[in-house]
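Residue numbers (our numbering): 743 to 933.
Beta carbons are placed, not taken as given, at the ideal position from N, Cα and C, and that holds for glycine.
Inspection log for the structure reproduced underneath, given as C-alpha coordinates.
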(Lines of atoms letter the chains of each structure in order from A and count residues from 1; the text may use other names and numbers.)
(Lines give C-alpha, C1' and ligand atoms only; values in the text may rest on other atoms or scores of the structure.)
Protein backbone atom coordinates (compact mmCIF):
# COMPACT_ATOMS: atom_id res chain seq x y z
CA UNK A 1 0.00 0.00 0.00
CA UNK A 2 1.38 3.39 -1.02
CA UNK A 3 0.33 6.96 -0.19
CA UNK A 4 0.63 9.42 -3.08
CA UNK A 5 0.05 13.17 -2.82
CA UNK A 6 -2.85 14.46 -4.92
CA UNK A 7 -0.39 16.93 -6.45
CA UNK A 8 1.70 14.00 -7.71
CA UNK A 9 5.21 12.93 -6.94
CA UNK A 10 6.66 9.70 -5.72
CA UNK A 11 4.56 7.42 -3.56
CA UNK A 12 5.47 6.56 0.03
CA UNK A 13 5.20 2.92 1.07
CA UNK A 14 2.76 2.52 3.97
CA UNK A 15 2.13 -1.25 4.35
CA UNK A 16 3.09 -4.64 2.97
CA UNK A 17 0.47 -7.33 2.34
CA UNK A 18 -2.49 -5.02 1.79
CA UNK A 19 -5.00 -6.66 -0.52
CA UNK A 20 -7.78 -4.95 -2.46
CA UNK A 21 -9.55 -1.70 -1.64
CA UNK A 22 -8.69 0.35 1.44
CA UNK A 23 -10.86 2.86 3.28
CA UNK A 24 -9.96 5.80 5.52
CA UNK A 25 -11.93 6.59 8.68
CA UNK A 26 -13.92 9.86 8.62
CA UNK A 27 -11.49 11.50 11.08
CA UNK A 28 -8.47 10.30 9.05
CA UNK A 29 -6.91 8.48 12.04
CA UNK A 30 -7.31 4.87 10.82
CA UNK A 31 -7.28 2.92 7.58
CA UNK A 32 -8.92 -0.46 7.00
CA UNK A 33 -7.60 -3.09 4.60
CA UNK A 34 -7.59 -6.81 3.85
CA UNK A 35 -4.65 -9.12 4.25
CA UNK A 36 -4.64 -12.55 2.65
CA UNK A 37 -2.24 -15.25 3.79
CA UNK A 38 -2.62 -17.95 1.19
CA UNK A 39 -0.13 -20.31 2.88
CA UNK A 40 -2.12 -20.30 6.13
CA UNK A 41 -5.47 -20.14 4.27
CA UNK A 42 -6.42 -16.99 6.22
CA UNK A 43 -8.25 -13.85 5.14
CA UNK A 44 -8.38 -10.88 7.52
CA UNK A 45 -9.75 -7.37 7.95
CA UNK A 46 -7.26 -5.10 9.71
CA UNK A 47 -6.98 -1.46 10.73
CA UNK A 48 -3.83 0.65 11.05
CA UNK A 49 -2.69 4.21 11.60
CA UNK A 50 -2.29 6.15 8.32
CA UNK A 51 1.49 5.70 8.51
CA UNK A 52 1.10 1.90 8.63
CA UNK A 53 1.85 1.50 12.34
CA UNK A 54 -0.46 0.09 15.03
CA UNK A 55 -1.90 -2.72 12.88
CA UNK A 56 -4.87 -4.46 14.54
CA UNK A 57 -6.84 -7.53 13.45
CA UNK A 58 -10.63 -6.96 13.37
CA UNK A 59 -12.07 -10.08 11.70
CA UNK A 60 -10.64 -13.26 10.22
CA UNK A 61 -11.83 -16.26 8.21
CA UNK A 62 -10.20 -19.53 7.23
CA UNK A 63 -10.46 -21.03 3.74
CA UNK A 64 -12.87 -21.81 2.13
CA UNK A 65 -14.57 -18.86 3.85
CA UNK A 66 -13.29 -15.36 3.04
CA UNK A 67 -13.99 -11.64 3.45
CA UNK A 68 -14.61 -8.70 1.12
CA UNK A 69 -13.09 -5.26 1.54
CA UNK A 70 -14.34 -3.31 4.56
CA UNK A 71 -15.63 0.24 4.85
CA UNK A 72 -15.95 2.65 7.80
CA UNK A 73 -19.35 3.84 9.01
CA UNK A 74 -19.97 7.61 8.78
CA UNK A 75 -19.22 7.98 12.53
CA UNK A 76 -16.04 5.87 12.18
CA UNK A 77 -17.06 3.43 14.93
CA UNK A 78 -18.18 0.43 12.86
CA UNK A 79 -16.93 -1.53 9.86
CA UNK A 80 -19.12 -3.22 7.26
CA UNK A 81 -17.92 -6.01 4.96
CA UNK A 82 -19.09 -9.08 3.11
CA UNK A 83 -18.37 -12.66 4.17
CA UNK A 84 -18.20 -15.71 1.94
CA UNK A 85 -19.57 -18.60 4.01
CA UNK A 86 -19.53 -22.33 3.39
CA UNK A 87 -22.69 -24.22 4.35
CA UNK A 88 -22.90 -27.74 5.72
CA UNK A 89 -23.33 -29.20 2.22
CA UNK A 90 -20.35 -27.26 0.85
CA UNK A 91 -22.48 -24.60 -0.86
CA UNK A 92 -21.10 -21.07 -0.66
CA UNK A 93 -23.06 -17.88 -0.09
CA UNK A 94 -22.24 -14.30 0.88
CA UNK A 95 -23.63 -12.33 3.82
CA UNK A 96 -23.01 -8.90 5.36
CA UNK A 97 -21.45 -8.27 8.76
CA UNK A 98 -20.84 -5.28 11.00
CA UNK A 99 -17.93 -5.15 13.43
CA UNK A 100 -16.68 -2.79 16.10
CA UNK A 101 -13.18 -1.48 15.34
CA UNK A 102 -11.60 -3.85 17.85
CA UNK A 103 -13.55 -6.87 16.55
CA UNK A 104 -15.17 -7.54 19.94
CA UNK A 105 -18.71 -7.07 18.61
CA UNK A 106 -19.50 -8.71 15.27
CA UNK A 107 -23.07 -9.19 14.06
CA UNK A 108 -24.83 -10.08 10.81
CA UNK A 109 -26.67 -7.28 9.03
CA UNK A 110 -29.51 -9.39 7.62
CA UNK A 111 -30.38 -12.98 6.84
CA UNK A 112 -30.06 -12.33 3.10
CA UNK A 113 -27.77 -14.72 1.20
CA UNK A 114 -26.16 -13.51 -2.03
CA UNK A 115 -24.35 -15.66 -4.54
CA UNK A 116 -21.63 -13.01 -4.55
CA UNK A 117 -20.97 -9.61 -2.95
CA UNK A 118 -18.36 -7.43 -4.62
CA UNK A 119 -18.64 -4.03 -2.95
CA UNK A 120 -20.06 -2.47 0.22
CA UNK A 121 -20.46 1.24 1.13
CA UNK A 122 -22.38 3.11 3.83
CA UNK A 123 -25.26 5.49 3.31
CA UNK A 124 -24.10 8.85 4.80
CA UNK A 125 -26.91 8.65 7.39
CA UNK A 126 -25.38 5.46 8.85
CA UNK A 127 -28.76 3.69 8.66
CA UNK A 128 -28.16 1.65 5.48
CA UNK A 129 -25.55 0.01 3.29
CA UNK A 130 -25.35 -0.12 -0.49
CA UNK A 131 -23.94 -3.31 -1.95
CA UNK A 132 -23.11 -4.65 -5.37
CA UNK A 133 -24.23 -8.24 -5.31
CA UNK A 134 -25.39 -11.20 -7.31
CA UNK A 135 -28.68 -12.52 -5.96
CA UNK A 136 -29.01 -15.79 -7.80
CA UNK A 137 -26.55 -18.29 -9.28
CA UNK A 138 -28.82 -18.60 -12.31
CA UNK A 139 -28.12 -14.97 -13.17
CA UNK A 140 -24.62 -13.64 -13.70
CA UNK A 141 -25.76 -10.06 -13.17
CA UNK A 142 -24.37 -8.01 -10.28
CA UNK A 143 -27.00 -5.49 -9.17
CA UNK A 144 -27.06 -2.63 -6.66
CA UNK A 145 -28.95 -3.18 -3.38
CA UNK A 146 -29.90 -0.99 -0.43
CA UNK A 147 -29.74 -2.79 2.91
CA UNK A 148 -31.37 -1.04 5.85
CA UNK A 149 -29.82 -1.82 9.22
CA UNK A 150 -33.24 -2.26 10.86
CA UNK A 151 -33.52 -5.88 9.69
CA UNK A 152 -35.98 -5.33 6.85
CA UNK A 153 -35.50 -7.21 3.59
CA UNK A 154 -32.77 -5.69 1.34
CA UNK A 155 -34.15 -3.71 -1.62
CA UNK A 156 -32.80 -4.09 -5.13
CA UNK A 157 -32.14 -0.68 -6.72
CA UNK A 158 -31.15 -1.86 -10.19
CA UNK A 159 -32.92 -4.66 -12.02
CA UNK A 160 -31.53 -5.18 -15.48
CA UNK A 161 -29.17 -7.37 -17.51
CA UNK A 162 -26.05 -5.28 -16.79
CA UNK A 163 -23.36 -5.73 -14.14
CA UNK A 164 -22.40 -2.99 -11.69
CA UNK A 165 -18.89 -2.75 -10.27
CA UNK A 166 -18.13 -0.46 -7.36
CA UNK A 167 -20.33 2.12 -5.64
CA UNK A 168 -19.82 5.62 -4.27
CA UNK A 169 -22.49 7.62 -2.46
CA UNK A 170 -22.71 11.43 -2.40
CA UNK A 171 -22.53 13.01 1.07
CA UNK A 172 -26.09 14.25 0.54
CA UNK A 173 -27.17 10.63 -0.17
CA UNK A 174 -29.12 11.76 -3.23
CA UNK A 175 -26.72 10.29 -5.80
CA UNK A 176 -25.03 6.92 -6.30
CA UNK A 177 -22.13 6.45 -8.70
CA UNK A 178 -21.21 3.06 -10.11
CA UNK A 179 -19.49 1.49 -13.10
CA UNK A 180 -21.87 -0.27 -15.45
CA UNK A 181 -20.29 -3.20 -17.25
CA UNK A 182 -21.86 -4.11 -20.59
CA UNK A 183 -21.10 -7.10 -22.76
CA UNK A 184 -21.06 -6.28 -26.44
CA UNK A 185 -20.56 -8.61 -29.37
CA UNK A 186 -20.73 -8.39 -33.12
CA UNK A 187 -20.65 -10.71 -36.12
CA UNK A 188 -18.46 -9.60 -39.01
CA UNK A 189 -18.32 -10.88 -42.58
CA UNK A 190 -15.23 -10.59 -44.73
CA UNK A 191 -14.75 -11.17 -48.47
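- Assigned with DSSP and collapsed to three states, residue 905 falls in strand.
- Cβ-Cβ distances below 8 Å link residue 834 to 806, 826, 827, 828 in the same chain, with the five nearest sequence neighbours on each side left out; the list follows chain order.
- The shortest C-alpha to C-alpha distance from residue 924 to any of 903, 913, 915 is the one to 903.
- Non-local beta-carbon contacts of residue 778 in its own chain, meaning distances under 6 Å to residues more than five positions away in sequence, involve 761, 785 in chain order.
- Looking only at 851, 888, 921, the smallest Cα-Cα distance to residue 915 is reached by 888.
- In this structure, DSSP gives residue 856 an extended state, which the three-state scheme calls strand.
- Looking only at 890, 765, 846, 869, the smallest Cα-Cα distance to residue 853 is reached by 890.
- The region 758 to 841 is shown to contain whole beta strand (DSSP E) runs of 3 or more residues at 761 to 766, 773 to 779, 784 to 790, 798 to 804, 820 to 828, in chain order.
- Shown here, residue 745 sits in a strand according to DSSP, grouped into three states.
- In the structure shown, residue 864 adopts extended strand secondary structure according to DSSP, grouped into three states.
- In the three-state DSSP reduction, residue 919 falls in the strand class (E or B).
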